[in-house]
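Visitor: Got a structure here, written out as structure tokens. Questions coming.
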Amino acid sequence: MTTSPLLEVDGLGVTFSTPRGEIRVVDDVSFDIAAGECVGLIGESGSGKSVTALSLVRLLSRASYEGRVRFDGRDLLDLAEAELKQVRGGRIGFVFQDPMACLNPALTIGFQVAEPARLHLGMSKKESLDHAAELLDRVGIARARDRLRDHPHQLSGGMRQRVMIAIALAARPGLIIADEPTTALDVTIQAQILDLIREVSTQTDAAVLMITHDLGIAAGLCDRVNVMYAGQIVERAGTSELFAAPEMPYTWGLLDSLPRMDDPRGTRLRSIPGSPPTPPAVSDRCRFLPRCPYSRDRCGETAPVLTERVDGHTARCLGTEPMGWIA
Amino acid sequence: MSDNEIGTPLLDVSNLSVHFGSSGLLRRRSVLRAVHEVSFGLNPGETLGIVGESGSGKSTTARAIARLVDASAGSITLDGADLLAARGSRLRRMRRDIQMVFQDPYSSLNPRRTIAASIAQPLLNHGLVSPRETDAVVAELLEQVGLPQSAAGRYPHEFSGGQRQRVGIARAMATGPRVLICDEPVSALDISIQAQVVNLLGDLQERTDVAMLFIAHDLSVVRHVSHRVAVMYLGSIVEIGPSEEVYTNAAHPYTMALLDSAPEPDPAHERGRERIVVRGEIPSAVNPPSGCAFHTRCWLYERLGEPEECRTLSPALTESTGGHQASCHFSHEAANHRPARAALAVPTTRRRFGA
Numbered sequence: 001m002t003t004s005p006l007l008e009v010d011g012l013g014v015t016f017s018t019p020r021g022e023i024r025v026v027d028d029v030s031f032d033i034a035a036g037e038c039v040g041l042i043g044e045s046g047s048g049k050s051v052t053a054l055s056l057v058r059l060l061s062r063a064s065y066e067g068r069v070r071f072d073g074r075d076l077l078d079l080a081e082a083e084l085k086q087v088r089g090g091r092i093g094f095v096f097q098d099p100m101a102c103l104n105p106a107l108t109i110g111f112q113v114a115e116p117a118r119l120h121l122g123m124s125k126k127e128s129l130d131h132a133a134e135l136l137d138r139v140g141i142a143r144a145r146d147r148l149r150d151h152p153h154q155l156s157g158g159m160r161q162r163v164m165i166a167i168a169l170a171a172r173p174g175l176i177i178a179d180e181p182t183t184a185l186d187v188t189i190q191a192q193i194l195d196l197i198r199e200v201s202t203q204t205d206a207a208v209l210m211i212t213h214d215l216g217i218a219a220g221l222c223d224r225v226n227v228m229y230a231g232q233i234v235e236r237a238g239t240s241e242l243f244a245a246p247e248m249p250y251t252w253g254l255l256d257s258l259p260r261m262d263d264p265r266g267t268r269l270r271s272i273p274g275s276p277p278t279p280p281a282v283s284d285r286c287r288f289l290p291r292c293p294y295s296r297d298r299c300g301e302t303a304p305v306l307t308e309r310v311d312g313h314t315a316r317c318l319g320t321e322p323m324g325w326i327a
Numbered sequence: 001m002s003d004n005e006i007g008t009p010l011l012d013v014s015n016l017s018v019h020f021g022s023s024g025l026l027r028r029r030s031v032l033r034a035v036h037e038v039s040f041g042l043n044p045g046e047t048l049g050i051v052g053e054s055g056s057g058k059s060t061t062a063r064a065i066a067r068l069v070d071a072s073a074g075s076i077t078l079d080g081a082d083l084l085a086a087r088g089s090r091l092r093r094m095r096r097d098i099q100m101v102f103q104d105p106y107s108s109l110n111p112r113r114t115i116a117a118s119i120a121q122p123l124l125n126h127g128l129v130s131p132r133e134t135d136a137v138v139a140e141l142l143e144q145v146g147l148p149q150s151a152a153g154r155y156p157h158e159f160s161g162g163q164r165q166r167v168g169i170a171r172a173m174a175t176g177p178r179v180l181i182c183d184e185p186v187s188a189l190d191i192s193i194q195a196q197v198v199n200l201l202g203d204l205q206e207r208t209d210v211a212m213l214f215i216a217h218d219l220s221v222v223r224h225v226s227h228r229v230a231v232m233y234l235g236s237i238v239e240i241g242p243s244e245e246v247y248t249n250a251a252h253p254y255t256m257a258l259l260d261s262a263p264e265p266d267p268a269h270e271r272g273r274e275r276i277v278v279r280g281e282i283p284s285a286v287n288p289p290s291g292c293a294f295h296t297r298c299w300l301y302e303r304l305g306e307p308e309e310c311r312t313l314s315p316a317l318t319e320s321t322g323g324h325q326a327s328c329h330f331s332h333e334a335a336n337h338r339p340a341r342a343a344l345a346v347p348t349t350r351r352r353f354g355a
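Here it is in structure tokens:
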């Protein structure tokens with residue numbers, strides 16, 4: 001890529017200090033996102049995908065960060081708190097899983113959608129409310145102007161998620177971080193919200209970082225996908241490439257764990273044995289080793305690094321490296 | 001394996017309705033029709049999947065069968081015996097035969113009880129074992145669900161979500177039930193663990209011939225485990241039949257929309273298709289729409305120029321083209337209006353796990 005990316009995460013590490021000591025939950029995470037691109041961060045619970053997302057703008061308490069997060073030419077991990085506040089909800093918008101927990105129940109949705117525009121774009125109160133009505137209309141809320149005075153409890157789950165998206169868009173962000181935005185919703189409503197995310201990112205040219213455990217969502221929405229396991233990125237590729245020719249056994253294990261609409265009923269699913277490590281322990285071996293049917297002694301001796309396989313496709317697995325033993 | 005088979009099925013649900021009454025201080029008394037005239041049968045060794053959005057009545061149907069909520073009308077029989085009229089010792093006996101597995105194994109296990117105590121409780125409640133025999137029976141159940149013997153003396157917090165669900169299944173299987181009701185049993189689990197639990201349920205069914213009612217919102221999981229599938233909308237079954245039939249020859253526009261909404265882990269398929277997206281959300285069961293309950297969100301109703309009968313006449317479940325039942329006035333037209341879907345295929349280049 002000749003132009004520099006919008007977001008560039010380099011060697012991100014996140015450590016929590018707990019009464020039982022330091023726990024490193026994210027380790028050596030690097031990825032980038034170009035303007036207008038949709039990049040997926042997928043993984044199971046505890047893989048560190050949400051922690052990674054929240055760390056980008058230092059939203060975690062009692063965490064220490066290392067590495068660099070370059071956005072708009074600045075390192076977000078170095079910014080003073082006051083400057084960072086300008087970025088949060090401004091150039092970077094957020095959509096979380098549970099809109100009820102994120103919306104203030106005591107404030108009207110009009111106020112909450114208008115607020116980022118006042119804070120970040122310097123709009124007057126009246127301008128910002130007009131802007132809010134426009135946004136609510138764009139995210140598919142009927143009679144938007146009349147709904148400005150509604151409170152969150154008057155809306156259904158799907159509508160609240162639309163309001164969250166309107167808030168994320170309010171200050172004309174360059175990047176929207178969507179953390180499991182449809183996990184709490186029914187499939188029918190999920191399809192509506194995914195269409196909406198697709199539509200607004202095309203219209204506004206905002207990049208999207210999509211955090212999800214649902215491989216189907218990543219397949220339909222993302223241009224590129226990063227797979228996380230035990231706090232690390234273990235594979236990254238263009239979406240079609242990743243689903244067609246994954247290079248990390250964990251990735252194809254995940255794909256094979258899913259029942260597909262086209263396999264015969266009752267066939268045994270190829271499950272991955274065991275369960276993911278919690279919390280991920282730093283070690284000098286492959287973190288997937290205990291669950292991997294392909295492992296060899298070498299996997300326990302060194303920690304594998306991400307290596308490039310074909311253009312733009314990297315994986316963290318000794319066995320599928322050019323001299324590896326997995327055919 | 002179907003309703004047409006001669007004889008009464010093991011579990012026979014007929015015109016089951018569950019209505020909840022509510023009365024506000026200044027409001028008129030209103031009735032929420034959670035389940036409305038639902039009928040189906042279930043045979044030994046058979047799995048019936050129930051799918052639908054939240055609010056469709058699928059969990060309430062399950063809870064009525066387990067006698068956790070009261071039915072308002074209709075009948076449920078188990079092996080010909082009236083389940084709804086059962087009281088006292090007969091009800092206790094029936095409870096042994098119908099057991100439930102819940103979505104969240106953490107909130108359904110007592111955190112202060114050992115795994116052994118939780119699994120043994122139903123056995124002791126029903127007087128199936130003497131306290132001296134429990135250890136041996138618990139050991140056998142642990143083995144059946146793939147947990148180590150060392151699990152017996154430990155507490156729920158020491159286990160992962162998948163292991164806790166295995167405990168929940170062991171407890172449900174303890175009384176040797178003939179019907180196992182699984183209400184979203186894998187929805188809270190990670191993908192890699194979900195597959196383990198789905199496989200376990202399949203193994204148990206093969207070994208014990210237990211009949212299963214499998215409720216889930218994940219359509220591909222339901223298809224994978226079910227012999228037959230019922231699709232519920234706003235308290236009623238709108239389509240029911242052999243799962244292969246329902247999934248490949250759906251006859252109800254709601255089923256088609258559900259199938260189209262489910263994201264598939266296949267980029268070419270996901271991008272190459274025009275999907276039906278239903279508008280809006282499931283209406284209130286206190287004030288259901290007139291005529292066909294789905295018409296307010298129905299894409300077919302729209303495409304057909306809003307025919308009057310959809311608004312005025314409630315459609316009955318009738319035999320559809322595919323040899324199963326659907327309740328839509330225009331199910332014979334639905335397939336012609338449905339956008340074509342790209343075929344799914346595992347890319348031949350992809351490695352298979354553990355192969």
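Order-wise, the sequence lines are chains G and S.
Under the working numbering, the first residue of the first sequence is numbered 1, with each subsequent residue one higher.
Under the working numbering, the first residue of the second sequence is numbered 1, with each subsequent residue one higher.
We put the beta carbon where it would ideally sit given N, CA and C, even for glycine.
Measure from the alpha carbon of Leu-189 (chain S) to the alpha carbon of each residue in S:Arg-178, S:Ala-216, S:Arg-311 and S:Leu-317, then state which is nearest.
Guide: S:Ala-216
Visitor: In chain order, which continuous runs of the beta strand (DSSP E) of length 3 or greater are located wholly inside the stretch 81–122 of chain G?
Guide: 92–95
Visitor: Cβ of Pro-253 (chain S) less than 8 Å from any chain G Cβ?
Guide: no
Visitor: Taking only three categories from DSSP, how would you classify Asp-3 (chain S)?
Guide: With a pLDDT of only 45 at Asp-3 (chain S), under the threshold of 50, the placement of this residue in the model should not be trusted; the figure read from the coordinates follows. Asp-3 (chain S) falls in the coil class under three-state DSSP.
Visitor: Find the nearest neighbour of Gly-235 (chain S) within the set S:Leu-11, S:Gly-21 and S:His-36, judged by alpha-carbon distance.
Guide: S:His-36
Visitor: Look at the alpha carbon of Gly-21 (chain S) and the alpha carbon of Ser-156 (chain G), and state the distance between them as a whole number of angstroms.
Guide: 22 Å
Visitor: So is Asn-104 (chain G) buried or exposed if we call it buried at 16+ other beta carbons inside 10 Å?
Guide: Exposed: under 16 other Cβ atoms inside 10 Å.
Visitor: Take every Cβ of the stretch 224–244 of chain S, pair it with every Cβ of the stretch 184–199 of chain G, and state whether three or more of those distances are shorter than 8 Å.
Guide: no
Visitor: Starting from the beta carbon of Val-360 (chain S), find every residue of chain G whose beta carbon is closer than 7 Å, and list them in chain order.
Guide: The requested residue 360 (chain S) is not part of the displayed model; chain S covers only 1 to 355.
Visitor: Using 8 Å as the threshold, is the C-beta distance between Leu-242 (chain G) and Ser-257 (chain G) below it?
Guide: no
Visitor: Between the beta-carbon of Arg-287 (chain G) and the beta-carbon of Ala-230 (chain G), is there less than 8 Å?
Guide: yes
Visitor: Quick one: what's got a C-beta closer than 7 Å to Pro-9 (chain S)'s C-beta in the same chain, skipping five residues either side?
Guide: Gly-41, Leu-42 and Asn-43
Visitor: Going along chain S in order, which residues have a C-beta closer than 8 Å to the C-beta of Gln-232 (chain G)?
Guide: Near Gln-232 (chain G) there are no residues of chain S at all, since even the closest Cβ is about 16 Å away, more than 8 Å.
Visitor: To the nearest angstrom, how far is it from the Cα of Met-100 (chain S) to the Cα of Leu-141 (chain S)?
Guide: One C-alpha to the other measures close to 16 Å.
Visitor: Applying the criterion that 16 or more other CB atoms from any shown protein chain within 10 Å of the CB defines a buried residue, is Glu-235 (chain G) buried or exposed?
Guide: buried
Visitor: Could you tell me the alpha carbon to alpha carbon distance between Gly-57 (chain S) and Gly-323 (chain S), rounded to whole angstroms?
Guide: Between the alpha carbons of Gly-57 (chain S) and Gly-323 (chain S) lies a gap of roughly 25 Å.
Visitor: Hey, would you say Pro-242 (chain S) sits closer than 8 Å to His-227 (chain S), going by beta carbons?
Guide: yes
Visitor: Is DSSP giving Thr-302 (chain G) helix, strand or coil here?
Guide: coil
Visitor: Quick one: residues in its chain with C-beta nearer than 7 Å to the C-beta of Ala-345 (chain S), no 5 flanking neighbours on either side, listed in chain order?
Guide: Cβ within range, chain order: n/a, list empty.
Visitor: Between Ile-211 (chain G) and Asp-179 (chain G), is the Cβ-Cβ spacing less than 8 Å?
Guide: yes
Visitor: Of all the options G:Gln-86, G:Thr-320, G:Thr-307 and G:Ser-61, which has the alpha carbon lying nearest to the alpha carbon of Asp-72 (chain G)?
Guide: G:Gln-86
Visitor: Can you tell me which residues form a DSSP beta bridge with Ser-236 (chain S)?
Guide: S:Tyr-233
Visitor: On a Cα-Cα basis, can you pick out the residue from G:Val-139, G:Arg-162 and G:Leu-129 that is closest to Val-149 (chain G)?
Guide: For clarity, residue 149 (chain G) is Arg in the given sequence; the question names Val instead. It is G:Leu-129.
Visitor: Quick one: what does DSSP say Val-357 (chain S) is sitting in, helix, strand or coil?
Guide: Because chain S here runs from 1 to 355, residue 357 (chain S) falls outside it and cannot be looked at.
Visitor: Excluding the five sequence neighbours on either side, which residues of its own chain have a C-beta within less than 8 Å of the C-beta of Ser-283 (chain G), listed in chain order?
Guide: Ala-303
Visitor: Let me know the beta strand (DSSP E) ranges lying completely inside the stretch 202–242 of chain G, each 3 residues or longer, listed in chain order.
Guide: 207–212, 224–229 and 232–238
Visitor: Go ahead and label Val-305 (chain G) buried or exposed: buried means 16 or more other beta carbons lie within 10 angstroms of its beta carbon, across all protein chains shown.
Guide: When all chains shown are included, Val-305 (chain G) counts as exposed.
Visitor: Runs of 4 residues minimum, wholly inside the stretch 11–80 of chain S: which ones carry the alpha helix (DSSP H) assignment?
Guide: 58–65
Visitor: Assuming the contact rule is C-beta atoms closer than 8 Å, Ile-42 (chain G) and Val-227 (chain G) should be a hit. Round their C-beta distance to whole Å, please.
Guide: 6 Å
Visitor: Is it right to say Phe-237 (chain G) is buried, meaning 16 or more other beta carbons lie within 10 angstroms of its own, or is it exposed?
Guide: As written in the sequence, residue 237 (chain G) is Ala, which differs from the Phe given in the question. With 16 or more Cβ atoms within 10 Å of its Cβ, Ala-237 (chain G) is classed as buried.
Visitor: Along chain S, which residues have their Cβ under 7 Å away from the Cβ of Glu-44 (chain G)?
Guide: Asp-190, Ile-191 and Ser-192
Visitor: Taking Arg-70 (chain G) as the reference, which of G:Ile-92, G:Ser-61, G:Thr-267 and G:Lys-49 has the closest Cα?
Guide: G:Ile-92
Visitor: Kindly indicate which three-state DSSP category Ser-226 (chain S) falls into: helix, strand or coil?
Guide: Coil.
Visitor: When we look at the beta-carbon of Ala-266 (chain S) and count the other beta-carbons within 10 Å, is it buried (16 or more) or exposed?
Guide: Looking at the sequence shown, residue 266 (chain S) is not Ala but Asp. Here Asp-266 (chain S) is buried, its C-beta having at least 16 other C-beta atoms within 10 Å.
Visitor: Ordered along the chain, which non-local residues of its own chain (more than five positions away) have a Cβ less than 7 Å from that of Ser-331 (chain S)?
Guide: Ala-251, His-252 and Ser-320
Visitor: Taking C-beta pairs closer than 7 Å, name the residues in chain G that Asp-266 (chain S) reaches, listed in chain order.
Guide: Ala-219 and Phe-243
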